[in-house]
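Q: Residues in the sequence shown are numbered from 147 upward in steps of one, following the working numbering. Even for Gly, the Cβ is constructed at its ideal location relative to N, Cα and C. Given the structure is predicted, the values throughout are model-derived calculations rather than measurements.
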Amino acid sequence: MTSLLINLSGLAAIALTVWWFWLAAKGNKQQSVSVDEKLEIQVKDGVYEPDRIRVSAGEETVLHFRREDASPCAEWVLFPDLEVSAQLGVDQITEVTIPAADAGEYLFHCQMQMYRGTLIVE
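1) On the three-state DSSP scale, how would you describe residue 263?
2) Considering only residues of the region 219–266, which uninterrupted beta strand (DSSP E) runs meet the minimum length of 3 residues and lie entirely inside it, listed in chain order?
3) Quick one: using the 10 Å Cβ neighbour count with 16 as the cut-off for buried, is residue 185 buried or exposed?
4) Under the three-state reduction of DSSP, which class applies to residue 185: helix, strand or coil?
5) What does the Cβ neighbour count give for residue 187, buried or exposed, with the cut at 16 atoms within 10 Å?
6) Could you tell me the boundaries of the beta strand (DSSP E) in which residue 195 lies?
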């Protein structure tokens with residue numbers, strides 16, 4: 147009986163972890179923010195905030211990431227489809243240059259894909 151409770155507790159912990167990092171809606175994902183010179187993307191509490199960012203197609207863009215989370219997972223931001231990555235320093239702003247891109251949606255995430263966001267190019 148004890149081993150059954152331990153196994154059920156372990157499965158519940160796994161399900162909660164999967165839900166927290168991959169399935170739960172973090173913030174309001176329906177809204178997106180257009181980039182201006184002052185926009186900072188906060189990296190904290192397991193999310194990018196904002197996590198949906200609009201930029202103009204065909205123009206190079208500079209994004210400003212402020213990493214407030216010292217967790218190793220938050221150390222890098224990757225834009226795989228744009229072949230861009232950057233190491234983010236703790237408690238500082240890191241500028242990430244995004245090359246001119248065609249219209250579409252480009253995912254960005256940490257190296258473990260727990261922090262996730264979308265760059266909307268239009």
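A: The answer reads as follows:
1) Strand.
2) Annotation note: the region 219–266 contains the following uninterrupted beta strand (DSSP E) runs of length 3 or greater, listed N- to C-terminal: 222–225, 230–233, 239–244 and 250–255.
3) Classification for residue 185: exposed.
4) If DSSP states are grouped into helix, strand and coil, residue 185 belongs with coil.
5) It is buried - the Cβ of residue 187 has at least 16 other Cβ atoms within 10 Å.
6) Where residue 195 is concerned, the enclosing beta strand (DSSP E) starts and stops at 193–195.
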